[in-house]
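So the protein sequences, as listed, match chains A and B.
Heads up: the first sequence runs through residues 2 to 285, numbered per my numbering.
Heads up: the second sequence runs through residues 2 to 285, numbered per my numbering.
Just so you know, even glycine gets a beta-carbon here, dropped at the ideal spot from N, CA and C.
Report on the structure given below.
There are 2 protein chains.
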Amino acid sequence: MSRIAYVAGQYLPHRRAAVHIEDRGYQFADGVYEVIAVVAGKLVDEEPHIVRLKRSVGELRIPLPMGEAALKIVMREVIRRNGVDNGIVYLQVTRGAAPREHAFPKSVKPTLVVTAKRTKPPDPKYGRDGIAVITIPDIRWERCDIKSVALVANVLGKQQAREAGAYEAWQVDRDGMVTEGTSTNAWIVTMDGAVVTRAADNAILSGVTRLAVLDIIRAEGLQFSERPFTVTEALAAREAFLTSTTADLLSVVSIDGKPVANGKPGLLSEKLRSAYLAHTGMVV
Amino acid sequence: MSRIAYVAGQYLPHRRAAVHIEDRGYQFADGVYEVIAVVAGKLVDEEPHIVRLKRSVGELRIPLPMGEAALKIVMREVIRRNGVDNGIVYLQVTRGAAPREHAFPKSVKPTLVVTAKRTKPPDPKYGRDGIAVITIPDIRWERCDIKSVALVANVLGKQQAREAGAYEAWQVDRDGMVTEGTSTNAWIVTMDGAVVTRAADNAILSGVTRLAVLDIIRAEGLQFSERPFTVTEALAAREAFLTSTTADLLSVVSIDGKPVANGKPGLLSEKLRSAYLAHTGMVV
């Protein structure tokens, strides 16, 4: 089955799915995106993804290229045409193609691209053994709450993690506080059992998996606090973990080469991971 | 004459010049660019543009998709095919197209796009009467020395300027210092006649026009200092101006609606403007 992509009104073979060189997504990173998991043919947490998409385009004042109902139909059609049972949908909206000029063009039609592909869940060993993170300065712009495609700093950070043999890089702001990973949210469990993650301010993306895990935490009646934490606090924590659509929830067992607690996935992280996987419909 | 663009090895009609939806320039802003002026068929300051391009791709660890000599030939061919006597060449290099993943793909070929078009010089009234700027917080990332396509903050800033009836927005860092405009460098002339512009640190782009104007200043034996300045200092200055490849050198006669000096272009700015236009080969 050859892959099919939706590009600005057309379903095209993936290999020739293209956008104009003057698409503002290409020349200005003037666009936003979403990645939504598909489990057993169903979109996971579709609603909060759509809510966030609408917020992101709203902040950049890009009109949504089609109504929400139509968008949902396109996503399902792309899933169907690509035979995706388990995988992801990638959706990108840019301000559209126009002669290059920084300010918004007078008349321009936003570009919508939707792709879907089968993916495997994260390597089971990550779930079993946990993963390592490094810490790096957060050099990104001040509106990381917008899920924009201006991701070059995230790219450099993720690459630095890979070269250090780590799964992720936790970014640290000027005040010494962890903001988030380059494509994941960051969490700790303190010695007195409280789950801590940064509040969704302008420095982080309000992760959809983050929201789902917060819901689980609330439903379970666990102690939690939305506040920033330092690397030192994370290293002194009982547990640490990260969340994202594609990583699900993974225990962080070392930071900058130093173990978190005994260097093994914590009990609460494992419990939350199981609960989150159940929420998505994944068989644990 | 229909426009022609160079895209990854091919000369294509502009209207169907496209890049793959998984080009990392589109999905991650993982690329850089240059804009070079063409005056009377000649590339203005080609060498410093190439030097800066090499530095930008070097910082992102993107290999240059062809040798310097070949690149110069492509630029000339694009100029020729588009019949550009006076205008600009736009050149973009991205890491290339690969299945979406933040870290650098294992094997990927960088994408080179080169376009050229005829442009008019800035509206003569800007040269005659000067222009207005507003000031806004600098919310960009911390590596503005890299000429990356991650320009969404610049887009928002320029749009804010337009809506305020201004030509440009000067961005101000957390210390209250002007960094630069959204697509121009910022300058003042102090009451004792010293020309001041921020040193080329990580917060600004080392503008090629900025370098050319610094050369003129040196050649003329004028007093100058490369240091940051505040908005208050700019408002108390004798003159202010901005520089860029497409704006050339324009006097800034008001900041946030308040006049700089008597609200008219200053003598030194006008002198530097003439010298810069002569340097580019433009008839003044």
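Apart from the five residues on each side of it in sequence, which residues of its chain come closer than 6 Å, Cβ to Cβ, to residue i?
i: Arg25 of chain A; result: Asp31, Thr95, Arg96
i: Ala276 of chain A; result: Ile217
i: Val134 of chain B; result: Ala167, Glu169, Trp171, Val253, Ile256
i: His50 of chain B; result: Glu35, Ile37, Val209
i: Val8 of chain B; result: Ala18, Val114
i: Ala262 of chain B; result: Arg239
Within 9 Å of any Cβ in chain A, is that where the Cβ of residue i sits?
i: His50 of chain B; result: no
i: Arg101 of chain B; result: yes
i: Asn155 of chain B; result: yes
i: Ser184 of chain B; result: yes
i: Ile137 of chain B; result: no
i: Ile80 of chain B; result: no
i: Tyr27 of chain B; result: yes
i: Thr116 of chain B; result: yes
i: Asp193 of chain B; result: no
i: Gln160 of chain B; result: yes
Excluding sequence positions up to five away, which residues of its chain have a Cβ less than 7 Å from the Cβ of residue i?
i: Ala200 of chain B; result: Glu227, Arg228
i: Lys43 of chain B; result: Gly282
i: Ala213 of chain B; result: Asp46, Tyr277, His280
i: Ala154 of chain B; result: Ile140, Arg141
i: Arg101 of chain B; result: Glu23, Gln28
From what residue to what residue does the alpha helix (DSSP H) around residue i run?
i: Glu60 of chain B; result: 47-61
i: Ser270 of chain B; result: 268-281
i: Phe29 of chain A; result: 25-29
i: Gln224 of chain B; result: Segment: none, Gln224 of chain B is in no alpha helix (DSSP H) and carries neither H nor E.
i: Glu119 of chain A; result: The amino acid occupying residue 119 of chain A in the given sequence is Arg; Glu does not appear at that position. First-last for Arg119 of chain A: 112-119, but that is the beta strand (DSSP E), not the alpha helix (DSSP H).
i: Glu69 of chain A; result: 69-82
i: Arg128 of chain A; result: Per the sequence shown, the amino acid found at residue 128 of chain A is Gly instead of Arg. Run containing Gly128 of chain A: 125-130, per the alpha helix (DSSP H) assignment.
Determine the burial state of residue i: buried for a count of at least 16 other Cβ atoms within 10 Å of its Cβ, exposed for fewer.
i: Ile74 of chain A; result: exposed
i: Asp249 of chain A; result: buried
i: Ala279 of chain A; result: exposed
i: Met192 of chain B; result: exposed
i: Ala70 of chain B; result: exposed
i: Glu164 of chain A; result: exposed
i: Leu61 of chain A; result: buried
i: Lys118 of chain A; result: buried
i: Val284 of chain A; result: exposed
i: Thr233 of chain A; result: exposed
i: Leu268 of chain A; result: exposed
i: Ala187 of chain B; result: buried
i: Gly258 of chain A; result: exposed
i: Glu221 of chain A; result: exposed
i: Ser270 of chain B; result: buried
i: Lys159 of chain B; result: buried
i: Ala204 of chain A; result: buried
i: Glu48 of chain A; result: exposed
i: Ala235 of chain A; result: buried
If I measure Cβ to Cβ from residue i and keep anything under 8 Å in the same chain, skipping five residues before and after, which residues do I get?
i: Val247 of chain B; result: Note that residue 247 of chain B corresponds to Thr in the displayed sequence, not to Val. The residues are Val36, Ala38, Ile89, Thr120, Pro123, Ser184.
i: Asp176 of chain A; result: Pro229
i: Glu78 of chain B; result: Tyr7, Tyr12
Check whether the Cβ of residue i lies closer than 9 Å to any Cβ atom in chain B.
i: Gln11 of chain A; result: no
i: Asp249 of chain A; result: no
i: Ala238 of chain A; result: no
i: Trp142 of chain A; result: yes
i: Ile22 of chain A; result: yes
i: Leu268 of chain A; result: no
i: Leu243 of chain A; result: no
i: Gln93 of chain A; result: yes
i: Val150 of chain A; result: yes
i: Ala104 of chain A; result: yes
i: Tyr127 of chain A; result: no
So the beta strand (DSSP E) residue i belongs to, where does it begin and stop?
i: Asn186 of chain A; result: 186-190
i: Gly32 of chain A; result: 32-40
i: Ala19 of chain A; result: 19-21
i: Leu13 of chain A; result: 11-14
i: Ile5 of chain A; result: 5-8
i: Gly182 of chain A; result: 179-182
i: Val196 of chain A; result: 196-198
i: Gly88 of chain A; result: 88-95
Run the proximity test for residue i: is its beta-carbon closer than 8 Å to any non-hydrogen atom belonging to the ligand MN?
i: Thr210 of chain A; result: Absence of the ligand MN is noted for the structure shown, with no ligands found whatsoever.
Secondary structure, beta strand (DSSP E): runs of 3+ residues fully inside the stretch 230-254 of chain B: 240-245
Unbroken stretches of the alpha helix (DSSP H), 4 residues or longer, contained in the stretch 133-173 of chain B: 153-164
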